[in-house]
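If you're matching them up, the sequences are chains A and B in order.
If you use the numbering used here, the first sequence closes out at 358, no skipped numbers anywhere.
If you use the numbering used here, the second sequence closes out at 940, no skipped numbers anywhere.
Note sheet for the following structure.
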Amino acid sequence: MQGASSGIGYGLKYQARCISDVKADTDHTSFITGTLSLREENEVHLIRLSSGGTELICEGLFSHPNEIWDLSSCPFDQRIFSTVFSTGESYGAAVWQIPELYGQLNSPQLEKIASLDAHSGKINCILWWPSGRNDKLISIDEENLFLWSLDCSRKAAQVQSKESAGMLHYLSGGAWDPHDVNAVAATCESSIQFWDLRTMNKTNSIECAHVRNVDYDTKKKHILVTAEDESGIHVWDLRMPMVPIKELPGHAHWTWAIACNPEYDGLILSGGTDSTVNLWLAPTSTGDGMTSESMVESPTHLVDPLLNSYSDYEDSVYDLAWSSREPWIFASLSYDGRVVVESVKPFLSKKWTQ
Amino acid sequence: MGVDDVPLDDKAKRMRDLLSSFYSPDHAMSSSNSSKFASLDAINTISFDADQYMNLLVRKSNLEGLLQKHVEMAAEIKNLDTDLQMLVYENYNKFISATETIKRMKNNIVGMEANMEQLLQKIMSVQSRSDGVNTSLFEKREHIEKLHRTRNLLRKLQFIYDLPARLGKCIKSDAYADAVRFYTGAMPIFKAYGDSSFQDCRRASEEAMTTIIKNLQGKLFSDTESIQARAEAAMLLKQLDFPVDSLKAKLFEKLEQSLQDIHLNTEDIINVLEDSNDTSIPTTANDASVHEFVNAVQAYQVIFPDSEKQLVKLSQDLITKHFEITEKSIKEQISVAKFLGILRVIWRDVLLMNEVLNESFLPDYSLEAAQQVVKQFVSITFSHLVRDISDALIVSIRTKQKEGGEENALQVALETSKNAVLKGSMDVLVDLHHLLDDNLGLLQKLRDSIVDWVQEGFQEFFRALYNRFLLLSGRNKSVGQTQGLTEGLVVDKVLAGLVLVLVQLSAFIEQTAIPKITEEIATSFSGSGVRGYESGPAFVPGEICRIFRSAGEEFLHHYITMRTQRVSLLLKKRFKAPNWVKHKEPREVHMFVDLFLQELEAVGSEVKQLLPQGVLRKHRRSESNGSTTSSRSNPLRDDKMSRTNINTQRARSQLLETHLAKLFKQKVEIFTKTEFTQESVVTTIVKLCLKSLLEFVRLKTFNRSGFQQIQLDIQFLRAPVRETVEDEAVIDFLLDEVTVGASERCLDPTPLEPPILDKLIQAKLAKKREQNAIAP
């Protein structure tokens, strides 16, 4: 299963933890990533895959005041993105805009649209409205969940509502349900909590410890995938939150990042601290067929769900991103600042290519 | 014509042709015109023209030929003349003889007429005489006939009047058959005239008959009478139009009643078997009742010859009941000997009944039932085995745990369970072999099937065992929910040690138990016949071996995960609690190091008990000891540079250099395959824990003191951890990584001075020694 080094590499100067697909760029397959260096000057890289798909080109290089812990691109404007950053002692979050004509400037500066400065503790992530133009943003810190209303033209962001996760629940991340824009899944130490944004109430929870990352299946409703430290990957059906409908072994060490393919159903990518990226095929059938299928599959385990293991990394892989424009392409980022873009085309089954 | 009868020589033929041509002139006419061109051959035809012939002859022949022809012709003509003369004579002769015959006939007929007339006269006189006799005897005959009829009638009347008395006599002498015959003979008369002239007579005889019927019924129901007599009684009753069916039903009920008794008896037998543990004695009670039943059935069969079906059903019910009871007792786990005993009893009963009911196919029926029961017996035996093994596992571990940390608790548990597996399966094999060895006809017939069931049973047994192991290890949640709950097995807290025991047990099953069992099966349970060849033998050791091999790996992995999870939790707590950015100066090695080492110790002791020692391959780190901050020239660097757009001016930072150094070192693979040895398992666990430590460090930001604390802790860990593992290079690398990771995440990475570091470590070691001195 050793993947040949077929990927296209790109090196960042410093260590890095986050990469994001630039969804709004419909003309190019591009990704945005930022470095994590405590003592050096941090950078945000806008990377584009060349039209031939053989090279990664740096489209923009911007300095960022602090080390970046989380970064996500705005789904409707390719020039806007958000970061969560840390000065070492305190955390901050902001929405940035890449200046126009940045290619012609010598040292282009990022334009700060808004600072999401209502947080006090460690900020974990910022979630954009799943698709389309909307002014809503969610930011999650260890204790609270904020819903923001962003006004790009007036360069301001306002807290719409805020809810505390409750005592002894340290939030660590989350995902916005693409099928139900009122639902957000937030991970905390021992469970995944589901929030209704209209009432800002907890609606449901799944008991599941040590979740590192969570992602909704964009093609299938009710399907949620989680990556956990030791116990690998779990696929959940939100209608049956007691037991996962599928378990994947994950990685030799922790499974850190997980991403469902935006186009191909059941194709899951996971990145781990064992310096590998694994490509899984874990089809889930919804509805009544599910029980029968799981019954058929459970005793045999005949089909290996692991399609491929990319091991061309030198350090832990902390983030992954599928390209939404070319959904068979993904970018992965290892801690040593190496971006690797791979195509999963050889592993797509006939079902999808036809 | 006489000519036809003459044998046809040439001459005669020609003559006949000539004659026929003479008699049919039409034919001659039609062919005459064509003969004009005839040749010399036309001499025999009708259209013969002498002149023409002459001319032709003269023209064609020379003198000599003519002369010769002349001679020939003359001779022929002479011949023809003679022939003609003879024919005429013959005809004449025939005419003469015909005339003579006619004349003779005429003479004969002349005297006949007178004779005929005489005959007629005589016949006439015979007829008239016979008529006379007839008329004179007619009256007398009619009278005689009348008298005869009257006499018959009178006789019948006499019989009917005598009937009551006669019946009475019959009753007295027990001649029921005669009585019935008499009565049925008189029946038509009673029917016709019973209401009028013979009323009394009829009443009397009916009364007699009721007595007879009563007697017959009594006879029928009495068990003391001979079967023949009872059968006769039944037949007589039937002749009397008595409703036999109701009698039949009654008798049948009686039979069923006796069946009930037998059932009770059978249950008793099983109880007796349970109690006395002896198979030879307790059959007597049952024997008697079955014999009784058999006799009754036989009687019934004779009495009601058409009742076979019902009886068969009855006896089948009996057998079914027998087997049901057996099934019930199987569920209470009886020994093979007892099971055999029960089967023997049943089979004897079946044979007994079969003697009576020849066409009932009772043996076949019971064979089917026995098949079910034996199959069930085999499968239950195996399920008990599974339970025994898992019990052995749990109990031995639990009790040992309660007794307190005994040194070899896990080892003992492993040995017990190994023993349970091997001895248990051997015992089962031996027990089941009894089934094969037994000479009971029933089992003989099932022999092939039993072989199959045992093989299948083992296959299923190992699958079930695997599932049970999964359940015990808490590995498979879904299996636990579907099966564990029903079996009432509560795995409240899975012990890591137990999982490790399962690792070894799986290996043992794969390597030792299965070959042995395979061998045993091959010697005593081979040669299955029922299963087709295409489906192969039921017991597939290869498949089981595969299952357990993968199970061993799975459990080992699970064990490692469980252990590392505990350490992870420890580390998580460690890194969560302090504010690392405001950490105070390190004063001593942090407590979590102790806890971590304790965990490792626990792993070490568990592993030592169960896993074999691996081949010692400690290579003292010699050449691979590059410091993390040393910078070396590296072809990879150029490669890396070319791929990036980073300004190379700034790239020569310390960070990149550490990266590059790491590129070298990472050739030491961190995540290698774990082997089933003490060192390999411990090393894997240590590696995973240190990697986790690294990941936790990377998520934090440290001030100088925080970094120094980490540095101190790691430095202290180095020595004891290196003791335990097989591959020091990797551990060193990981420990270095943690320090480097901490320095990268540090705002001011100034390491502790080595003397201070050393002093703190020494202090910790001294303290530890002190504790150890007090503790034991």
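Ideal Cβ placement from N, Cα and C applies to all residues, glycine included.
Boundaries (first-last residue) of the beta strand (DSSP E) holding residue i
i      : result
A:T37  : S34 to T39
A:L252 : K250 to L252
A:Y14  : I12 to G15
A:T203 : It is not in any beta strand (DSSP E) - A:T203 carries neither H nor E in the DSSP assignment.
A:D323 : V321 to W326
A:R361 : No answer is possible for residue 361 of chain A: it lies beyond the span of chain A, which begins at 5 and ends at 358.
A:F334 : I333 to S338
A:T259 : T259 to C264
Residue range of the alpha helix (DSSP H) that includes residue i
i      : result
A:A4   : Absent from the structure is residue 4 of chain A, since the part of chain A shown begins at 5 and ends at 358.
B:Q762 : M755 to L774
B:Q935 : P918 to I938
A:D278 : Where A:D278 is concerned, there is no enclosing alpha helix (DSSP H), given that its DSSP letter is neither H nor E.
B:I724 : P705 to K740
A:R329 : A:R329 -> no alpha helix (DSSP H), and no H or E assigned at all.
One or two residues paired with residue i in a DSSP bridge
i      : result
A:E47  : A:S67
A:W100 : A:F85 and A:K116
A:S209 : A:Q197
A:A52  : Inspection of the sequence shows that residue 52 of chain A is occupied by Arg rather than by Ala. A:S34 and A:I61, per the DSSP bridge assignment.
A:V229 : A:D219 and A:V239
B:I553 : According to DSSP, B:I553 bridges with nothing at all.
A:E167 : A:L149
B:F866 : B:C910
A:A359 : Residue 359 of chain A is absent from the model: chain A starts at 5 and stops at 358.
A:Y314 : A:V281
A:D155 : A:A160
A:W132 : A:L141
A:S2   : Only positions 5 to 358 of chain A appear in this structure, which leaves residue 2 of chain A out of reach.
A:Y95  : A:S90
Would you list, in chain order, the members of the stretch 723-734 of chain B that have their beta-carbon closer than 8 Å to a beta-carbon of chain A? T725, T728, Q729 and S732
Every unbroken alpha helix (DSSP H) inside the stretch 581-644 of chain B [4 residues or more]: 605-637
Using a Cβ-Cβ cut-off of less than 8 Å, give me the residues of the stretch 72-95 of chain A that come near chain B, in sequence order. S90, G92 and E93
Pull out every residue of the stretch 309-332 of chain A whose Cβ sits closer than 8 Å to any Cβ of chain B, in chain order. E318, D319 and S320
Counting pairs of Cβ atoms below 8 Å between the stretch 48-55 of chain A and the stretch 160-173 of chain A, do you hit three or more? no
Counting beta carbon pairs with one atom in the stretch 858-874 of chain B and one in the stretch 836-848 of chain B, are three or more of them shorter than 8 Å? no
Where in the stretch 342-403 of chain B do unbroken runs of the alpha helix (DSSP H), each at least 4 residues long, occur, reported from the N-terminal end onward? 363-385 and 391-403
Determine, using beta-carbon pairs with one atom in the stretch 704-722 of chain B and one in the stretch 606-615 of chain B, whether at least three such pairs fall under 8 Å. no
Which residues of the stretch 246-279 of chain A have a Cβ closer than 7 Å to any Cβ of chain B? Give them in chain order. V247, A256, H257, W258, T277 and D278
Positions along the stretch 210-240 of chain A whose CB lies within less than 8 Å of some CB in chain B: H214, D233, E234 and S235
Below 8 Å, can you find three or more Cβ-Cβ pairs linking the stretch 261-280 of chain A to the stretch 759-774 of chain B? no
Looking at C-beta atoms only, is the number of pairs between the stretch 271-283 of chain A and the stretch 308-322 of chain A that lie closer than 8 Å three or more? yes
Given 8 Å as the limit, is there contact between the stretch 88-103 of chain A and the stretch 59-71 of chain A, that is, 3 or more CB pairs closer than that? yes
Contact between the stretch 242-251 of chain A and the stretch 324-335 of chain A (3+ Cβ pairs under 8 Å): no
Examine the Cβ distances between the stretch 165-182 of chain A and the stretch 199-216 of chain A and report whether three or more of them are shorter than 8 Å. yes
Can you confirm whether the stretch 400-417 of chain B touches the stretch 352-371 of chain B when touching is taken to mean that 3 or more C-beta pairs between the two stretches lie within less than 8 Å? no
Listed from N- to C-terminal order along the chain, which residues in the stretch 158-182 of chain A have their beta-carbon within a distance smaller than 8 Å of any beta-carbon of chain B? none
Going along the stretch 27-45 of chain A in order, which residues come within less than 8 Å of chain B, judged by CB to CB distance? S41, L42, R43 and E44
Check distances from the C-beta atoms of the stretch 588-606 of chain B to those of chain A and list, in chain order, the residues that come in under 8 Å. none
Is the number of C-beta pairs between the stretch 132-143 of chain A and the stretch 180-191 of chain A that are closer than 8 Å three or more? yes
What residues from the stretch 659-686 of chain B come within 9 Å of chain A, judged by C-beta to C-beta, listed N to C? none
Going along the chain, which residues of the stretch 898-915 of chain B sit with their C-beta nearer than 8 Å to a C-beta in chain A? E908, R909, C910 and L911
Taking contact to mean 3 or more Cβ pairs, one atom from each stretch, closer than 8 Å, check whether the stretch 298-310 of chain B and the stretch 323-341 of chain B are in contact. no
Do the stretch 367-376 of chain B and the stretch 319-332 of chain B meet, that is, are 3 or more Cβ pairs less than 8 Å apart? yes
Using 8 Å as the Cβ pair cut-off and three pairs as the minimum, do the stretch 597-608 of chain B and the stretch 486-505 of chain B touch? yes
Can we say the stretch 19-28 of chain A touches the stretch 39-47 of chain A, given the rule of at least three CB pairs closer than 8 Å? yes
Would you check if the stretch 627-638 of chain B and the stretch 710-728 of chain B touch, i.e. whether three or more CB-CB distances between them fall below 8 Å? yes
Evaluate the contact criterion for the stretch 513-521 of chain B versus the stretch 547-557 of chain B: three or more CB pairs, one atom per stretch, below 8 Å. no
Is the stretch 770-778 of chain B touching the stretch 895-903 of chain B in the sense that three or more CB pairs, one from each, lie closer than 8 Å? no
Listed from N- to C-terminal order along the chain, which residues in the stretch 109-131 of chain A have their beta-carbon within a distance smaller than 9 Å of any beta-carbon of chain B? none
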